[in-house]
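Read left to right, the sequence shown gives residues 4 to 226 (the UniProt record's numbering).
Idealized CB from N, CA, C, for every residue including glycine.
Since the structure is predicted, the reported quantities are computational estimates derived from the model, not experimental observations.
Quick notes on the structure that follows.
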Amino acid sequence: SKAPVITVDGPGGAGKGTITQMLARTLGWHLLDSGALYRLTALAATRQGVSLDDDHGLVTVAAFLDVAFEPGEEGEPVRVLLEGEDVTGEIRTETCGNNASLVAVKQPVRDALLQRQRDFCKAPGLVADGRDMGTVVFPEAPCKIFLTASAEERARRRFDQLKGSGVDVNMQDLLDEIRARDERDMNRSAAPLKPADDAQVIDSTGLSIQEVFDRCMAAAGQA
Ligand code: C5P
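Structure, rendered in structure tokens:
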């Protein structure tokens, strides 16, 4: 496909979700939340009784995943449907995120999701959120951003978010989980988390959402 792509990769909690939704809305482009596909694969597998270490079963689940993304109202997150059921909240739990990162280490699962991700690239353009958007899925993308933040800042943001929704959490537990997930995402052999050679690295530590957004728009040549 010839439509332009802006890839936004980076560790969990760096603000990719918020920023990519803002970019897609502002530009009027499509949005790919690739992490949701790994989360949905983990959730669908659990529901179907497929073990998270059954590679063959996971590939089948990933290949036949029946998902839909529906644009949310202004300021609302995109609604995620699994076989027609709204699982927007359910796929955002820490358990689902951790399970996603367990299935994401498997190359056959990644292969099963590859074409589905590329199919999101349609006119007028695509904003792609993930870990390997610039390195593997859209290596030809003209604009690649690697959005990061310190582990402490990411844990603090997650803490505030969970507190705000009434969930009781422990800061140290969150920090430990974030570090463990970073470790797994960066050190796996299949599509490890790292900036593409031609990526522009933006560190969002200490920046407001608006400041990060402005830097991303400038990086995309849209400022
Ligand atoms: O971004 P999100 O937290 O939703 O991703 C969940 C997990 O899915 C990540 O920790 C990572 O292991 C995996 N993932 C991936 N490649 C992507 C997107 C997500 O391996 N492109």
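Run the CB neighbour count on residue i, radius 10 Å, all protein chains shown included, and call it buried at 16 or more, exposed below.
i, result
"aspartate 135", "buried"
"arginine 50", "exposed"
"proline 14", "buried"
"alanine 47", "buried"
"glycine 38", "buried"
"valine 215", "buried"
"aspartate 114", "exposed"
"alanine 199", "buried"
"phenylalanine 149", "buried"
"glycine 167", "exposed"
"glutamine 164", "exposed"
"glutamine 225", "exposed"
"alanine 202", "buried"
"glycine 137", "buried"
"lysine 5", "exposed"
Could you pull out every residue in the same chain whose Cβ sits closer than 6 Å to the Cβ of residue i, ignoring the five residues on either side in sequence?
i, result
"arginine 161", "Gly16 and Leu177"
"proline 152", "Strictly speaking, residue 152 in this sequence is alanine, with proline absent from that position. Cβ within range, chain order: Ala17, Ser207 and Thr208."
"valine 140", "Gln120"
"alanine 223", "Ile9 and Cys146"
"leucine 84", "Ala71"
"methionine 189", "Pro195 and Leu196"
"glutamate 156", "Thr208"
"lysine 19", "Val11, Gly13, Asp132 and Leu150"
Who are the near neighbours of residue i in its chain, counting only those whose CB is closer than 8 Å to its CB and skipping five residues on each side?
i, result
"methionine 174", "Ala158, Arg159 and Phe162"
"threonine 21", "Ile212"
"alanine 45", "Leu55, Cys99, Asn102, Ala103, Leu105 and Val106"
"valine 90", "Leu43, Leu46, Val83 and Leu84"
Return the Cβ separation of residue i and residue j in integer angstroms, given the expectation that the two are a contact with Cβ distance under 8 Å.
i, j, result
"valine 130", "valine 11", "7 Å"
"valine 81", "glutamate 93", "Not a contact, Cβ separation roughly 14 Å."
"alanine 144", "valine 8", "4 Å"
"cysteine 219", "leucine 26", "6 Å"
"glutamate 97", "glutamate 180", "6 Å"
"aspartate 109", "aspartate 58", "A small correction: the amino acid at residue 109 is lysine; aspartate does not occupy that position in the sequence shown. Going by Cβ atoms, the distance from lysine 109 to aspartate 58 rounds to 6 Å, so yes, they are a contact pair."
"leucine 116", "leucine 40", "5 Å"
Identify, in the order they occur along the chain, each residue of the same chain with its Cβ nearer than 7 Å to the Cβ of residue i, setting aside the five sequence neighbours on each side.
i, result
"valine 53", "Gly60, Leu61 and Val64"
"arginine 42", "Ile94, Cys99, Gly100 and Ala103"
"leucine 35", "Gln120, Phe123, Leu129, Ala131 and Asp132"
"proline 112", "In the sequence as presented, proline is not what sits at residue 112; that position holds valine. Cβ within range, chain order: Thr44, Leu61, Val62, Ala65 and Val106."
"glycine 75", "Val81 and Arg82"
Three or more beta-carbon pairs under 8 Å between the stretch 31-46 and the stretch 112-132, yes or no? yes
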